[in-house]
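Numbering (my numbering), first residue to last: 9 to 65.
Every residue, glycine too, gets a C-beta built ideally from N, C-alpha and C.
Model, not experiment: these values are computed from the prediction.
Worksheet: the structure to be examined is printed underneath.
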Amino acid sequence: MTAASVTQMKCACSSCLCVVNISDAIQKDGQYYCSDACANGHPDGAGCSHAGCECDS
Ligand SMILES: [Zn+2]
Ligand SMILES: [Zn+2]
Ligand SMILES: [Zn+2]
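If you want it as structure tokens, here you go:
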């Protein structure tokens with residue numbers, strides 16, 4: 009039996025709605041982000057570029 013493990017997480021950016029696979033996510037400070045923009049705190053005001061996500065605003 010293999011233990012079930014979590015493979016998806018919501019992006020750690022608080023206003024981002026994206027869910028990322030842990031294997032694909034950008035890891036920073038032990039948290040998982042959907043994109044470099046989220047991981048870096050949106051330094052340029054750019055969003056994560058995912059449709060329907062407004063985490064840049
Ligand atoms: Zn997003
Ligand atoms: Zn994100
Ligand atoms: Zn974000």
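{"Query": "Distance, G55 Cα to V27 Cα", "Result": "15 angstroms"}
{"Query": "Per DSSP, the bridge partner or partners of I34", "Result": "Y41"}
{"Query": "Cβ pair A45, D37 closer than 9 angstroms", "Result": "no"}
{"Query": "Any non-hydrogen atom of ligand 3 within 8 angstroms of D44 CB", "Result": "no"}
{"Query": "Classification of A47 by the beta-carbon crowding that lies within 10 angstroms, buried from 16 upward", "Result": "buried"}
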